[in-house]
Amino acid sequence: MSFSGENIRQLYKSSHVTEAPYSPESEKASRSPSESESPLKTSPSSTLTNRINDWFIWEIAGLLVSAGTLIALVVVLTKYDHQPQPSWKYMSLNSLISWLSTISKACLVIACSEVLGQLKWVWFAQGTRPVQELRTFDAASRGLYGALELIWTLRARHFAALGSLAVILAIAIDPFAQNLVHYYQDMVEDTSQSAHIGQTDTYDSWAGDISVSSYGVDPILKANVYNSLLNNDQNKPWSIPQHSCPSANCTWDPIASLETRALCTDVTDRINTTCSVITDESSGFAGYPNCTLNLIGSDLTAWLVPDNGSTIAMQGFVVQGVGSGDGVVYSSNNSLGIVQYLAPKTTDRGPDAYWYITPTPDKKWFATECAIEPLVRAFRPSVRQNIYSDETLAIWTNRTGLTSTNPIGSFEPPSSWISELGLEILNRNRTFNYSFLVATELFSFITDIFTGHYTHYPMHSGYKATSPSSLYAGQDIIQALGQGNIAGCSDALESRLNCSMANVAAAISKTLRDAAFDATSTANRASVVDGTVWMSESFIAARWEWISLPVFVWVLAVLAVSGTVWKGRRAAVPIWKNDPLPLLFVYGVSTRGSHGAVDEAEDLKVRLYERGGVVKLG
Numbered sequence: 001m002s003f004s005g006e007n008i009r010q011l012y013k014s015s016h017v018t019e020a021p022y023s024p025e026s027e028k029a030s031r032s033p034s035e036s037e038s039p040l041k042t043s044p045s046s047t048l049t050n051r052i053n054d055w056f057i058w059e060i061a062g063l064l065v066s067a068g069t070l071i072a073l074v075v076v077l078t079k080y081d082h083q084p085q086p087s088w089k090y091m092s093l094n095s096l097i098s099w100l101s102t103i104s105k106a107c108l109v110i111a112c113s114e115v116l117g118q119l120k121w122v123w124f125a126q127g128t129r130p131v132q133e134l135r136t137f138d139a140a141s142r143g144l145y146g147a148l149e150l151i152w153t154l155r156a157r158h159f160a161a162l163g164s165l166a167v168i169l170a171i172a173i174d175p176f177a178q179n180l181v182h183y184y185q186d187m188v189e190d191t192s193q194s195a196h197i198g199q200t201d202t203y204d205s206w207a208g209d210i211s212v213s214s215y216g217v218d219p220i221l222k223a224n225v226y227n228s229l230l231n232n233d234q235n236k237p238w239s240i241p242q243h244s245c246p247s248a249n250c251t252w253d254p255i256a257s258l259e260t261r262a263l264c265t266d267v268t269d270r271i272n273t274t275c276s277v278i279t280d281e282s283s284g285f286a287g288y289p290n291c292t293l294n295l296i297g298s299d300l301t302a303w304l305v306p307d308n309g310s311t312i313a314m315q316g317f318v319v320q321g322v323g324s325g326d327g328v329v330y331s332s333n334n335s336l337g338i339v340q341y342l343a344p345k346t347t348d349r350g351p352d353a354y355w356y357i358t359p360t361p362d363k364k365w366f367a368t369e370c371a372i373e374p375l376v377r378a379f380r381p382s383v384r385q386n387i388y389s390d391e392t393l394a395i396w397t398n399r400t401g402l403t404s405t406n407p408i409g410s411f412e413p414p415s416s417w418i419s420e421l422g423l424e425i426l427n428r429n430r431t432f433n434y435s436f437l438v439a440t441e442l443f444s445f446i447t448d449i450f451t452g453h454y455t456h457y458p459m460h461s462g463y464k465a466t467s468p469s470s471l472y473a474g475q476d477i478i479q480a481l482g483q484g485n486i487a488g489c490s491d492a493l494e495s496r497l498n499c500s501m502a503n504v505a506a507a508i509s510k511t512l513r514d515a516a517f518d519a520t521s522t523a524n525r526a527s528v529v530d531g532t533v534w535m536s537e538s539f540i541a542a543r544w545e546w547i548s549l550p551v552f553v554w555v556l557a558v559l560a561v562s563g564t565v566w567k568g569r570r571a572a573v574p575i576w577k578n579d580p581l582p583l584l585f586v587y588g589v590s591t592r593g594s595h596g597a598v599d600e601a602e603d604l605k606v607r608l609y610e611r612g613g614v615v616k617l618g
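According to the UniProt record's numbering, the stretch in the sequence shown is residues 1 to 618, in order.
#1: Drop a sphere of 10 angstroms on the beta-carbon of ASP448, count the other beta-carbons inside from all chains shown, and report buried for 16 or more, exposed for fewer.
#2: Can you grab the Cα-Cα spacing for the pair ILE151 / LEU119, in whole Å?
#3: Looking at the strands, I want to know which residues DSSP matches up with CYS370.
#4: With a threshold of 8 Å, are at least 3 pairs of Cβ atoms found where one atom belongs to the segment 435-450 and the other to the segment 415-424?
#5: Looking at LEU148: is its Cβ nearer than 8 Å to the Cβ of ILE171?
#6: For GLN475, does the three-state DSSP call read helix, strand or coil?
#7: Report the rounded CA-to-CA distance for ALA72 versus LEU100, giving the unit in angstroms.
#8: Taking the beta carbon of ALA286 as the centre, do at least 16 other beta carbons fall within 10 Å, making it buried, or is it exposed?
#9: Between the segment 228-235 and the segment 328-340, can you find at least three pairs of beta-carbon atoms closer than 8 Å?
#10: Considering just the uninterrupted stretch of the beta strand (DSSP E) at TRP396, what are its terminal residues?
#11: Between SER282 and PRO306, what straight-line distance do the alpha-carbon atoms span, to the nearest angstrom?
#12: I'd like the list of long-range same chain contacts for VAL558, defined as Cβ closer than 7 Å, with 5 residues on each side in sequence excluded.
#13: Taking just the CA atoms, how far does SER536 sit from ILE408?
#14: In chain order, what residues of the same chain lie with their CB nearer than 8 Å to the CB of LEU93, ignoring the 5 residues before and after it?
#15: Helix, strand or coil: how does DSSP classify MET459 here?
#16: Cutting at 7 Å between CB atoms, please list the residues of its own chain near ILE220, excluding the five before and the five after it.
#17: What are the boundary residues of the alpha helix (DSSP H) that LEU293 is part of?
#18: Could you check the C-alpha separation between GLN315 and LEU393 for me, to the nearest Å?
#19: Quick check for students: name the residue ranges of the beta strand (DSSP E) that lie wholly in the segment 409-434, counting only runs of 3 or more.
#20: Does the segment 374-388 come close enough to the segment 236-255 that 3 or more CB-CB pairs lie under 8 Å?
#21: With the cut-off set at 8 Å, would you say TYR203 and SER509 are in Cβ contact?
#22: Just how far apart, CA to CA, sit THR274 and ASN227?
#23: Quick check on PHE379: does DSSP put it in helix, strand or coil?
#24: What is the rounded straight-line gap between the Cα of SER95 and the Cα of ALA177?
#25: Using C-beta distances below 8 Å, list every residue in its chain close to TRP534, excluding the 5 sequence neighbours before and after it, in chain order.
#26: Return the chain-ordered list of same chain residues with a C-beta closer than 7 Å to the C-beta of GLU391, the five sequence neighbours on each side being excluded.
#27: Where does CYS275 sit, in a helix, a strand or coil, going by DSSP?
#28: Would you report the Cα separation of ARG529 and ILE372, rounded to the nearest angstrom?
#29: Let me know the secondary structure DSSP gives SER562 once reduced to three states.
#30: Which residues mark the beginning and the end of the beta strand (DSSP E) in which GLU537 is found?
#31: Taking only three categories from DSSP, how would you classify VAL76?
#32: Does VAL573 come out as helix, strand or coil in the three-state DSSP assignment?
#33: Alpha carbon to alpha carbon, what distance is there between LEU162 and GLY563?
#34: If LEU342 and LEU300 are in contact, beta carbons under 8 Å, what's the gap, nearest whole angstrom?
#35: Report the three-state DSSP secondary structure of VAL328 (helix, strand or coil).
#36: Less than 8 Å between the C-beta atoms of SER113 and TRP554, yes or no?
The structure is reproduced here in structure tokens:
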């Protein structure tokens with residue numbers, strides 16, 4: 001039942017102040033007969049404002065606006081989920097979310113506060129209640145503490161408990177909304193810049209018409225090979241091809257290029273050991289055994305003079321570059337250099353570590369043969385945080401066009417590399433070649449720098465390179481192989497040749513690919529391949545679980561409003577909500593004493609009822 005301004009004025013005329021609780025009998029006695037015979041009649045609201053109030057239009061509109069802001073929030077987050085953070089001119093995404101959540105929260109709290117005010121009248125219309133509960137309902141519509149008190153007072157058995165719970169939980173809407181957005185870093189393409197890396201089809205860089213002893217190998221290739229053996233930088237700069245990546249994060253499509261790799265085989269089972277007593281008095285070792293170890297099928301030989309578990313003299317660390325036809329496993333026609341290696345087994349660095357190792361049994365010695373094999377490799381390069389790496393997709397070692405004048409031949413990868421690996425670069429050219437002169441000079445260079453030995457006598461010991469004396473760093477390389485700190489290699493002699501040859505192959509591969517950046521060479525067929533530059537940027541990820549609370553609070557508010565409308569219609573109470581004016585007319589208390597009103601209300605119980613068109617608390 002609703003009341004207009006005229007209704008309130010009539011209520012005011014019919015109300016009076018008493019010192020005792022109101023009762024229908026006392027009111028009847030105090031009124032004139034004309035007043036008793038002419039009860040106040042409630043009339044329908046005549047103004048638009050009252051009609052809006054009577055039909056809970058503002059509360060329903062608040063629910064709709066709240067729902068609309070939540071939907072807008074979901075739409076915005078869906079649009080930018082896993083997308084770069086938007087760079088708006090006047091507002092950030094966080095600010096927009098904050099505004100939307102604040103509007104949604106405000107609409108819900110206002111709607112719940114109003115329905116709590118209306119449920120106050122429904123509560124007193126349903127039975128006699130302590131008048132103190134007027135204040136409890138009023139406090140519930142104002143904030144957290146009052147809402148908690150109301151839930152406790154009603155024991156959560158009334159629609160008002162739903163409205164109170166919505167008011168309480170609405171406090172957490174803003175923090176929950178802020179947690180809806182999670183920021184993370186991801187890469188986006190920077191189209192304003194380009195990355196570059198080299199790729200080589202044909203390599204023909206050499207030093208020209210110079211003396212055989214100095215080799216016609218490109219000085220850049222020499223420098224990279226020397227670095228791979230004498231530079232112990234664990235980052236292996238001599239193996240990383242030249243590239244340009246402006247942002248420190250770049251990728252390239254699959255590339256195919258001429259390269260090399262190291263192949264090694266354990267040939268320990270081919271070691272033959274023989275020992276005999278030394279009879280030459282002038283040698284100083286007369287009467288001692290002289291043991292010789294040689295690799296069957298090769299002229300690689302080591303020797304030592306043992307004495308009761310120790311070694312008096314030896315040439316027991318031997319490295320040898322192998323010429324045509326002398327390889328035990330590999331052929332010179334298939335490689336750019338073959339190296340054999342014979343030494344005792346040890347986990348310590350340096351030949352001195354096997355000073356006390358006897359030559360027998362044979363299992364304490366080992367032999368290895370390695371080769372540098374030319375090939376074409378398909379790979380996908382990338383740079384991440386300024387660190388270069390590449391993924392091998394396929395390799396091709398088969399050669400065609402082998403003749404007596406062209407023992408190297410050509411590499412022709414299959415056309416399936418285009419369709420299966422995405423190597424569109426092969427559409428331009430599918431033939432890869434080494435120059436015959438380059439291959440010949442490179443073979444001689446590799447075999448010579450790996451030829452030498454370590455010799456120990458009672459009074460002296462040392463390394464010696466047995467390759468041409470004009471070869472730069474030959475002795476240094478033999479020493480590095482014996483006891484140096486070669487990058488990526490362990491101290492164990494058994495694996496040092498394998499590791500060193502792998503370093504050499506990587507250094508050669510870098511040189512071949514870097515030919516694309518050599519502006520002085522016109523003989524090479526090489527090209528610079530463009531790649532994609534990536535920039536780090538903040539991305540958005542929506543954490544949808546945090547939308548649960550705002551939606552739940554909205555559902556509570558809808559239930560509270562719906563329940564209030566239903567309960568109010570059934571109880572036929574006026575639509576007063578939180579309007580304070582009706583309280584001035586529906587009940588009166590004395591002002592006796594400094595705390596008269598409060599003192600009298602402590603134990604006072606009242607009920608909202610209507611009689612003769614007049615609504616009273618009594």
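Note that beta-carbon positions come from the ideal geometry of N, C-alpha and C, so glycine has one too.
Computed from a predicted model, the values in this text were never measured in an experiment.
Short version:
#1: For this step, residue 448 is matched to residue 448 along the sequence shown. It counts as buried.
#2: Taking the sequence shown and counting its residues from 1, one reaches residue 151 at position 151. Taking the sequence shown and counting its residues from 1, one reaches residue 119 at position 119. Near 13 Å, if we compare the C-alpha coordinates of LEU119 and ILE151.
#3: Position 370 of the sequence shown, counting from 1, holds the residue named residue 370. According to DSSP, CYS370 bridges with CYS264, VAL339.
#4: no
#5: Taking the first residue of the sequence shown as 1, we reach residue 148 at position 148. Taking the first residue of the sequence shown as 1, we reach residue 171 at position 171. In this structure, LEU148 sits away from ILE171, with a CB-CB distance that is not shorter than 8 Å.
#6: Here residue 475 refers to the residue found at position 475 when the sequence shown is read from its first residue. It is helical.
#7: Working through the sequence shown from its first residue, we reach residue 72 at position 72. Working through the sequence shown from its first residue, we reach residue 100 at position 100. Each residue's alpha carbon lies about 8 Å from the other.
#8: As a position in the sequence shown, residue 286 is number 286, starting the count at 1. With fewer than 16 Cβ atoms within 10 Å of its Cβ, ALA286 is classed as exposed.
#9: no
#10: Taking the sequence shown and counting its residues from 1, one reaches residue 396 at position 396. It spans 387-396 - the beta strand (DSSP E) in which TRP396 sits, taken as one unbroken run.
#11: Counting from 1 along the sequence shown, the entry for residue 282 is found at position 282. Counting from 1 along the sequence shown, the entry for residue 306 is found at position 306. Looking at the two C-alpha atoms, the distance is approximately 18 Å.
#12: Locating residue 558 in the sequence shown gives position 558, counting from the first residue. Cβ neighbours of VAL558 within its own chain (closer than 7 Å, five residues either side excluded): LEU63.
#13: Taking the sequence shown and counting its residues from 1, one reaches residue 408 at position 408. Taking the sequence shown and counting its residues from 1, one reaches residue 536 at position 536. Using only the alpha carbons, I get a separation of about 46 Å.
#14: Mapped onto the sequence shown, residue 93 falls at position 93. By the criterion of a C-beta distance shorter than 8 Å, LEU93 is surrounded in its chain by VAL76, TYR80, GLN85, PRO86, VAL181, ILE540, once the five residues flanking it on both sides are discounted.
#15: Here residue 459 refers to the residue found at position 459 of the sequence shown. Note: MET459 maps to coil in three-state DSSP.
#16: The residue given as residue 220 occupies position 220 in the sequence shown. If we look at ILE220 and ignore the five residues flanking it on each side, its Cβ neighbours are THR511.
#17: Taking the sequence shown and counting its residues from 1, the one referred to as residue 293 is at position 293. Here LEU293 belongs to no alpha helix (DSSP H); instead the beta strand (DSSP E) covers 289-295.
#18: The residue you call residue 315 lines up with position 315 of the sequence shown. The residue you call residue 393 lines up with position 393 of the sequence shown. So the two alpha carbons sit approximately 44 Å from each other.
#19: Counting only runs of 3 or more, we get 432-434.
#20: Enough Cβ pairs lie closer than 8 Å, so yes.
#21: In the sequence shown, counting from the first residue as 1, residue 203 sits at position 203. In the sequence shown, counting from the first residue as 1, residue 509 sits at position 509. No, they are not a contact pair.
#22: Walking along the sequence shown from the start, residue 274 turns up at place 274. Walking along the sequence shown from the start, residue 227 turns up at place 227. Near 39 Å, if we compare the C-alpha coordinates of ASN227 and THR274.
#23: What you label residue 379 is simply residue 379 of the sequence shown in a count that begins at 1. Correct three-state label for PHE379: strand.
#24: Walking along the sequence shown from the start, residue 95 turns up at place 95. Walking along the sequence shown from the start, residue 177 turns up at place 177. Roughly 11 Å between the two C-alpha positions.
#25: Locating residue 534 in the sequence shown gives position 534, counting from the first residue. Around TRP534: MET187, VAL188, GLU189, ASP190, SER247, ASN249, CYS250, THR251.
#26: Taking the sequence shown and counting its residues from 1, one reaches residue 391 at position 391. Closer than 7 Å at the Cβ level, and outside the excluded window around GLU391, lie PHE379, ARG380.
#27: For this step, residue 275 is matched to residue 275 along the sequence shown. Here CYS275 carries a strand assignment [DSSP, helix/strand/coil].
#28: On the sequence shown, residue 529 is found 529 positions in, with the first residue counted as 1. On the sequence shown, residue 372 is found 372 positions in, with the first residue counted as 1. Note that residue 529 is Val in the sequence shown, not Arg. Spanning the two alpha carbons is a distance of roughly 26 Å.
#29: To locate residue 562, count along the sequence shown from 1; it is residue 562. Helix at SER562.
#30: Residue numbering aside, residue 537 sits at position 537 when the sequence shown is read from its first letter. It spans 525-542 - the beta strand (DSSP E) in which GLU537 sits, taken as one unbroken run.
#31: Within the sequence shown, residue 76 is the residue found at index 76, counting from 1. In this structure, VAL76 counts as helix in the three-state DSSP scheme.
#32: Within the sequence shown, residue 573 is the residue found at index 573, counting from 1. The answer is coil: DSSP assigns VAL573 none of H, G, I, E or B.
#33: Reading the sequence shown from its first residue, position 563 is the one you call residue 563. Reading the sequence shown from its first residue, position 162 is the one you call residue 162. If you take the alpha carbons of GLY563 and LEU162, they lie about 9 Å apart.
#34: The sequence position of residue 342 within the sequence shown is 342, counting from 1. The sequence position of residue 300 within the sequence shown is 300, counting from 1. Correct: roughly 5 Å between the Cβ atoms.
#35: Numbered from 1 along the sequence shown, position 328 holds the residue referred to as residue 328. Three-state result, VAL328: coil.
#36: Here the question's residue 113 lines up with position 113 in the sequence shown. Here the question's residue 554 lines up with position 554 in the sequence shown. Not a contact, by the Cβ cut-off of 8 Å.
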